[in-house]
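For reference, the structure is listed below as structure tokens.
Numbering (this note's numbering), first residue to last: 480 to 1452.
Have a look at this one:
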């Protein structure tokens, strides 16, 4: 039986470890070199169900919240940020269930603190092997806001089979015609054409059109900004090809629109002559019009009783990096205007919260600051966004000469960098722009309208993904045009070409030499951005009148930090949906407290590094750096494989484990940004590398190692289940057949001839097969399709049947059609220090609890116990040392801990803690300030820290505390 966390024997030998740790570590180190890092790797692990327990002075950044108390009601809904928000535009989340508790077909409801039931939209997200619900997704309309106080907690209940859910007070309605889908929330009515260049034909409120003709646009140049005197810009418009209704209420409707951008004829502009031309970079106007590119996939979300339309938009680059240089990418919509010019209002949010929160607010025709005063009531009404008193009440000169006051038609806010935005305005095209204001970080919300209604429009992660831009054009006419750009047309065009010419690395031998020096794995033609993409979250608010300034800032906060419901950490732990490899924080002894402090300080350091080093930008936001250069006091942003991390050694898994155990909102949002980045930018969505990710590098796509360990579902499944996010669900689903791409590519092509009998190709058991396990398990539990379980089972059976289990499978042959592994070891034993650090550890622990395969667990426990074991012990058990490098010795201590837990072996638990404590850096994170001419600006650095070390140390700390925490010596390490 597995060893119990609470009942692991704590004999004198274990307690004596406190004083003996250093000596024991030294003795072990004689045959087992210590250290956690040095070799770079990719992808992550995942949590698994628990077996039965029968036995300094840093740059400004958000303050870390106080961890949640462990006794927080595990059944209660709670808001991620603690207190209930003042409002929300509709919210979605995922909810975990214990195995066997909720059966297929049961309805859900919300029970408030007084026992009343409220309607709750729910749907299954994942299934346990017995067919019961593992995760359910839920949606709430704006009118329902559960309180944040624990004493007034609301709970989700699964109603008895056959009992219907309560009826909502204001259900939304979805109507269908031959040409359109119409969603009526009870407040707004949204008409969506089934095909064509218009995403949304109209949004009306009270019978008044507030938006017309919402459409996608993409401008692209045929040359980069700094090369050549002539450059043409071509415009493409998104063309919807399919519309699917995914949900139709009662609280939420979801429409999925898919299509491609099509180049418009006669839109090429020559930058040398600034005149329109009918010729484009791809040939004639007819050729240009025929070109369809930049596939998009977006969803429209509307909520009962709501006035907002939320859009999740994703696109993929499929152009030619040598000829296509995207410039302006965004949405355009028409906004009818009916009010007098002096009653038309423009608003741009600066910072949405904090001491710098503010709003830029002006009118199309301003009535303040004039030589003649129209009257205090007139000025006050305009400043507040209300209708001004009739002009018959104005001061006579102002009333009679108001047409001489300029009417400003065009407005623009551009976020050029993470630290600067600029607001400009002009009267109309053909006249100059004038500077209006500057600021640091805009929240990404704008508004145009008046007392008769208007449109607020917002883009999440606006300043973080600079260059971004908000525009209003033609506000002096009957129809203004709102332009919301996730890549500003005023910024330099994207240049997606490689960053070097290959440096003479034409052969595999030369490429291996380059890897030896810069740690970059280069291969001609592999450093391509074709197939990568990005997602953007937009919210449009159809408003009955110009809101107050305070309300607009509230809307800006809703856009940038959407209120989110979650469960308490105890709920995630008790339901076992993310397995046994984590526990709640425990500072019950000095040793445990020291480890918890180190875990907190590691995350806080990276959170502040993202701020201090400005890890922002269109393609970069959400990623972190790989290795630090102490000589330059800078991360190695320009050195081959040491630059962007791209999920190397599983920082994603570290962050999600840290969130699950703490419930901290700042950790959640840091991990959320990473998921959005790594799943979109570091992964290919079409082309020859579809389904694979790219190893760490200077550009997110520059390394030639295209691998499953980067794209693996193990890094994204947490976010999908916690949030019920459909876009991440799409990406998880797309990974189910990624093995076909990998086999075609042949990941071992640079390592020599393939051994005979390898089937369809070779896989690394950890870096490849471990990722496939994550992909297939996720597809199995989301779909319930047993084909994916069977592929998993065949691989597990293959490993169990090999003479030395995992030590015979370090590299294995592969049968594509069945998922079986083939022993190509020739009777030799082997291991790789990379196998267990990209999610294999977590996936295997999950599968042992979910899929019964005789002999498989024994094979895994042998691997866990022997990987870090002294060489003589390996020789006795295997006949020879396994040969795996010890570069990740501390990280692998969690394998030793897992074997100790499952085998109920106190001696092995002692060894695991000796391995973990062998790293002298296990204490508080040491930082120092560097300033003066040594750096561009003062920085706080942590000498000796790398992301490999941080992620693997943190995962080992979290898992060791969960599995054998009671065996840790009580003194501080």
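Virtual Cβ for every residue (Gly too), placed ideally from N, Cα, C.
Small disclaimer: the values here were computed from a predicted structure and weren't measured.
Contact check, residue i vs residue j under 8 Å by CB: the rounded distance?
i            : j            : result
residue 1060 : residue 1341 : About 19 Å separates the two Cβ atoms, so there is no contact after all.
residue 923  : residue 947  : 7 Å
residue 831  : residue 1144 : At roughly 16 Å, the Cβ-Cβ gap does not stay under 8 Å, so residue 831 and residue 1144 are not in contact.
residue 1446 : residue 1388 : 4 Å
residue 1201 : residue 1045 : 7 Å
Taking 9 Å as the cut-off, decide whether the C-beta atoms of residue i and residue j are in contact.
i            : j            : result
residue 645  : residue 585  : no
residue 1007 : residue 1148 : no
residue 814  : residue 978  : no
residue 1131 : residue 1195 : yes
residue 1324 : residue 1136 : no
residue 1133 : residue 866  : no
residue 619  : residue 569  : yes
residue 1368 : residue 1343 : no
residue 1094 : residue 1105 : no
residue 667  : residue 786  : yes
residue 1127 : residue 1175 : yes
residue 1172 : residue 994  : no
residue 1404 : residue 1129 : no
Let me check understanding here. Comparing Cα to Cα, which of the options lies closest to residue i?
i            : options                : result
residue 741  : 697, 1410, 782         : 697
residue 1244 : 1282, 1288, 1224       : 1288
residue 1021 : 1207, 782, 1234, 611   : 782
residue 825  : 1189, 578, 925, 803    : 925
residue 1197 : 894, 1057, 1411        : 1057
residue 579  : 1054, 1305, 1074, 790  : 1054
residue 927  : 944, 1365, 855, 889    : 889
residue 1239 : 1250, 1001, 1227       : 1227
residue 938  : 816, 808, 1030, 958    : 808
residue 1215 : 1229, 1164, 581, 1237  : 1164
residue 722  : 712, 776, 743          : 776
residue 842  : 855, 852, 860, 829     : 860
residue 1296 : 1284, 1283, 1269       : 1269
residue 1213 : 847, 1168, 1412        : 1168
residue 613  : 1364, 1417, 1345, 1329 : 1329
residue 1332 : 800, 1271, 1242        : 1271
residue 564  : 1302, 1038, 1413       : 1038
Quick check on residue i: buried or exposed, where buried means 16 or more other Cβ atoms within 10 Å of its Cβ?
i            : result
residue 523  : Unreliable placement is indicated for residue 523, whose pLDDT of 30 sits below 50; the coordinate value is still reported in the next sentence. Buried, by the Cβ-count rule.
residue 1078 : buried
residue 757  : Note that residue 757 has pLDDT 31, beneath the 50 cutoff, so the model's placement of it is unreliable and no number is given.
residue 558  : buried
residue 444  : The structure shown has nothing for residue 444, since the chain only spans 480 to 1452.
residue 792  : buried
residue 642  : exposed
residue 891  : buried
residue 631  : exposed
residue 1310 : buried
residue 594  : exposed
residue 1440 : buried
residue 1204 : buried
residue 1504 : Here the chain comprises residues numbered 480 to 1452, so residue 1504 is not present and cannot be evaluated.
residue 1138 : buried
residue 1407 : exposed
residue 902  : buried
Taking the beta strand (DSSP E) that residue i belongs to, which residues open and close that run?
i            : result
residue 714  : 711 to 727
residue 1240 : 1240 to 1243
residue 441  : Nothing can be reported for residue 441: it is not among the residues displayed for the chain, which extend from 480 to 1452.
residue 1153 : Here residue 1153 belongs to no beta strand (DSSP E); instead the alpha helix (DSSP H) covers 1144 to 1159.
residue 1103 : Looking at the DSSP string, residue 1103 is not in any beta strand (DSSP E), and its letter there is neither H nor E.
residue 683  : 679 to 684
residue 1456 : The structure shown does not extend to residue 1456, since the chain spans only 480 to 1452, so no value can be given for it.
residue 811  : 804 to 815
In the DSSP assignment, the alpha helix (DSSP H) including residue i goes from what residue to what residue?
i            : result
residue 1343 : 1335 to 1346
residue 1323 : 1319 to 1329
residue 1395 : 1385 to 1396
residue 1199 : 1196 to 1202
residue 1275 : 1265 to 1280
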